[in-house]
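Below: one structure, written as structure tokens.
2 protein chains.
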Amino acid sequence: MVVESNATTAESVVTPERILQLGLGFWGSKALLSAVELGVFTELAKGPATEERLARALELHPRSARDFFDALVALGVLERNENLYSNTAEADMFLDRMKPSYVGGLLEMANARLYSFWGSLTEALQTGQPQNEAKAGGNFFETLYAEPARLGQFLHAMTGLSMGAHKAIAAKFPWGRYQTFVDVGCAEGGLPVQVALMHEHISGGGFDLPPAEPFFREYVRSFGLEERLRFYSGDFFADSLPQADVLAMGHILHDWDLEEKKTLLAKAHDSLRDGGALIVFESIIDNERRENSFGLLMSLNMLIETPGGFDYTSAMCEDWLRDVGFRETYVEHLAGPDSMVVGLK
Amino acid sequence: MVVESNATTAESVVTPERILQLGLGFWGSKALLSAVELGVFTELAKGPATEERLARALELHPRSARDFFDALVALGVLERNENLYSNTAEADMFLDRMKPSYVGGLLEMANARLYSFWGSLTEALQTGQPQNEAKAGGNFFETLYAEPARLGQFLHAMTGLSMGAHKAIAAKFPWGRYQTFVDVGCAEGGLPVQVALMHEHISGGGFDLPPAEPFFREYVRSFGLEERLRFYSGDFFADSLPQADVLAMGHILHDWDLEEKKTLLAKAHDSLRDGGALIVFESIIDNERRENSFGLLMSLNMLIETPGGFDYTSAMCEDWLRDVGFRETYVEHLAGPDSMVVGLK
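Sequence order for the protein chains is A and B. Take the first sequence: its letters are residues 9 to 353, numbered as in the numbering used here. Take the second sequence: its letters are residues 9 to 353, numbered as in the numbering used here.
Below is the structure:
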């Protein structure tokens, strides 16, 4: 038996486990996306359920329902006590469709669109061409803005998704120095609402395409902020931007190519009063381009989704801001992969 | 400014970041799969390269090559020093096609097949039906075994994938008590080779379908073990298994339904001499079904790939082993998500 004992040193050999976990990581990811699509978390928000009851409510075939639910337990989004499944606190807050904090709209979109489009990543890398609806002559934004129900869901998902960044901007930016604020590409108005809630002296609103207006109005009214926050309707390439002390652009610039990015930044500079500030925020890539994997992958998502969009480092953004005339710039981390780059006019 | 400072407590709010990272986890996973498909690691195994040289060698469009390479840096599979990209030690060992330790064949298969089939996970969960080639009337195993080049690559990928488990079995099982060993569903013979290398008194070989024979012979000969290890040709449902002191079934049982699993276990019991042992190993699910997410997701992969296959806990396997006549059973962890369940006749 001595042979066997000595031989256990063979175990310390390098294994391919981490590589395989990453390469097969789409399994766990797709399991969560299907769970959101099927409404697992919305169902369990009503109360804990047995495998049988949950499978029946979701109309799942009995063959793999238990494996599916237990995989979600192992992935940390469900809990199981005795034979009852329930949501984790995190899943209950963010994945129950009935709660205002729901972010599953983004995951529903990822499940219905991005998962399959990313299947063509290799072709995207070889051709530099988008792999979404555009490949078949479609246009995601046109389709999205043409269907109010779908648009509302999408805009609401964006609000949930950016909540951490919005609260951090409301907390970290020196709002005391300014009076008026407009968020450019505001969707439902998640950022103006957070800023207005935390800073009573601020008024302004949000700028977006006309179809976003009813969703903005409804969201702002739900906080009783309709006296201080209004909707500015327009197209940020065709029209000029509203005048304000502070403007923001969140998850906007990465959709566009370099020339378009600079056009938008110059328009913002034009609309700010002297002494005003522009806040650019999204998953800004670290300057060394080796830490923020989410930001780098988001840039590949812009390859999949847009003709020329890309994500960028804070150093690149600061250069562009100075190029279009901002006198001073600085960078501050917000939440998760998001940072803001601030330009002072 | 006091208002801003106090307000930073808003940051400690729960964020949806972990859920979004999991839900969008397919981005990083697909980036690695595309990198393997494109031969990034095989190219860099020749030596470090600049972005331009690497993009040219791989015929990538310049638009997103740098984001792609830097995303692979952030994901921990490439390194970058100055402007030169190179493989991590792990990627160089397991993702260079020219090395015998290459496991990319499995990831190539996942990229070419499983990624898109998993896109139909929701339908699989609703119907209980496979979502692979079978959906269009095809048969993966028949197609695989009909093309020798593709089969060779697949079998070799299985060897690399299971190397950690094979070395652990060679080290942990009490081989001193036995003389002969046959691995059932042996592919190239990775397990018999590891056992024979570590235990000079062991002889035997591997059992698999006839098309696997040339790959087994070549692999075994590359270790100079052809005198001790032979190929047993057959179909484990149509034919009886070879007689031996020890039999093994690795990553076999999960392909089949409960009745088929028990048929295979009973056949193994029949072919063992009294006092012999059967080693069952794969990503055995923990008995609590809440830790081994890989094993649980592998079971969903069996839903995607087979009409009735599923993964199982060690307790389930021990029950089946006793049902077919084994007098004693035990469980031992091997490497990563793999464990073995041993039945003693």
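Backbone N, C-alpha and C define an ideal beta-carbon position, used for all residues, glycine too. For clarity, every value in this text was computed on a predicted model and none was experimentally measured.
Check, Outcome
"In whole angstroms, give me the CA-to-CA distance for A/Ala220 and A/Pro70.", "42 angstroms"
"Any idea what DSSP makes of A/Tyr338, helix, strand or coil?", "strand"
"Go to A/Ile177, then tell me how far its alpha helix (DSSP H) extends in each direction, as first and last residue.", "Pro156 to Lys180"
"Let me check one thing: in DSSP terms, what residues is A/Val254 bridge-paired to?", "A/Phe189 and A/Ala285"
"Would you call B/Gln139 buried or exposed, if buried means 16 or more other Cβ atoms sit within 10 Å of its Cβ?", "buried"
"Hey, A/Ala82 and B/Arg298: beta-carbon distance below 7 angstroms or not?", "yes"
"I'd like to know whether the C-beta of B/Thr135 is nearer than 7 angstroms to at least one C-beta of chain A.", "yes"
"Would you kindly work out how many angstroms separate the C-alpha atoms of A/Arg281 and A/Ala154, rounded to a whole number?", "35 angstroms"
"According to DSSP, simplified to helix, strand and coil, what is B/Arg238?", "strand"
"Is it right to say B/Thr151 is buried, meaning 16 or more other beta carbons lie within 10 angstroms of its own, or is it exposed?", "exposed"
"For B/Ala343, name the three-state secondary structure that DSSP assigns.", "strand"
"Go ahead and label A/Asp331 buried or exposed: buried means 16 or more other beta carbons lie within 10 angstroms of its beta carbon, across all protein chains shown.", "exposed"
"With a threshold of 7 angstroms between beta-carbons, can B/Trp264 be considered close to chain C, or not?", "Absent here is chain C; the protein component of the structure consists of chains A and B."
"Kindly give me the distance between the Cβ atoms of A/Pro425 and A/Val190, rounded to whole angstroms, as I take these residues to be in contact under 8 angstroms.", "The structure shown does not extend to residue 425 of chain A, since chain A is modelled only from 9 to 353, so the question has no answer here."
"Output the boundary residues of the alpha helix (DSSP H) element that contains B/Tyr115.", "Looking at the sequence itself, residue 115 of chain B is Leu, so the reference to Tyr does not match. Element bounds for B/Leu115: Gly112 to Met117."
"Using the three-state DSSP reduction, which class does A/Val81 fall into: helix, strand or coil?", "helix"
"Report the three-state DSSP secondary structure of B/Gly333 (helix, strand or coil).", "coil"
"Quick one: give me the first and last residue of the beta strand (DSSP E) that A/Ser211 is part of.", "Ser211 to Asp216"
"Inspect the beta-carbon positions of B/Asp278 and B/Gln187 and report whether they are closer than 7 angstroms.", "no"
"When you compare the CB of B/Phe34 with every CB in chain A, is at least one pair closer than 7 angstroms?", "yes"
"B/Lys275 and B/Trp328 look like a contact to me (Cβ under 8 angstroms); what is the Cβ gap, rounded to whole Å?", "Actually they are not in contact, since the Cβ atoms of B/Lys275 and B/Trp328 sit about 13 angstroms apart, beyond 8 angstroms."
"In chain A, which residues lie with their C-beta within 8 angstroms of the C-beta of B/Trp126?", "Phe34, Trp35 and Lys38"
"Since I believe B/Thr167 is in contact with B/Met106 (beta carbons under 8 angstroms), could you give me their beta-carbon distance rounded to a whole number of angstroms?", "Contact flag wrong, Cβ pair sits at about 16 angstroms."
"Show which residues of chain B have a CB atom less than 8 angstroms away from the CB atom of A/Leu261.", "Correct list: empty, because the minimum Cβ distance to chain B is about 15 angstroms."
"When you compare only the Cα positions, how much space is there between A/Gly31 and B/Gly127?", "15 angstroms"
"Kindly list the residues whose CB is nearer than 6 angstroms to the CB of A/Gly317, restricted to its own chain and excluding five residues on each side of it in sequence; keep chain order.", "His262, Asp263, Trp264 and Met310"
"Please list, in chain order, all residues of the same chain as A/Glu12 whose beta carbon is under 7 angstroms from its beta carbon, the five residues on each side excluded.", "The predicted model places A/Glu12 with a pLDDT of 34, which falls under 50 and marks its position as unreliable; any figure quoted below should be read in that light. Same-chain partners within the cutoff: there are none."
"Taking the straight line between their C-alpha atoms, what separation do you get for A/Glu59 and A/Asp104?", "19 angstroms"
"Given a cut-off of 7 angstroms, decide if A/Glu141 and A/Phe148 are closer than it, judged by their beta-carbon atoms.", "yes"
"Less than 7 angstroms separating the beta-carbons of A/Asp75 and B/Ser301?", "no"
"Short of 6 angstroms in beta carbon distance, which residues of its chain neighbour B/His341, apart from the five on each side in sequence? Order them along the chain.", "Ser347"
"Just to confirm my understanding: we take B/Val85, look at its own chain, exclude 5 residues before and 5 after, and list those with CB closer than 8 angstroms. What are they?", "Leu40, Ala43, Phe49, Asn95, Thr96, Glu98, Ala99 and Leu103"
"Pick helix, strand or coil for B/Gly351, following the three-state DSSP scheme.", "strand"
"By the criterion of Cβ-Cβ separation under 8 angstroms, what are the contact partners of B/Phe189 in chain A?", "None at all; the shortest Cβ gap to chain A is about 14 angstroms."
"Count the other CB atoms within 10 Å of the CB of B/Pro200; is the residue buried (16 or more) or exposed (fewer)?", "buried"
"When the Cα of B/Lys180 is compared with those of B/Gln202, B/Val192, B/His164 and B/Asn89, which residue comes out closest?", "B/Gln202"
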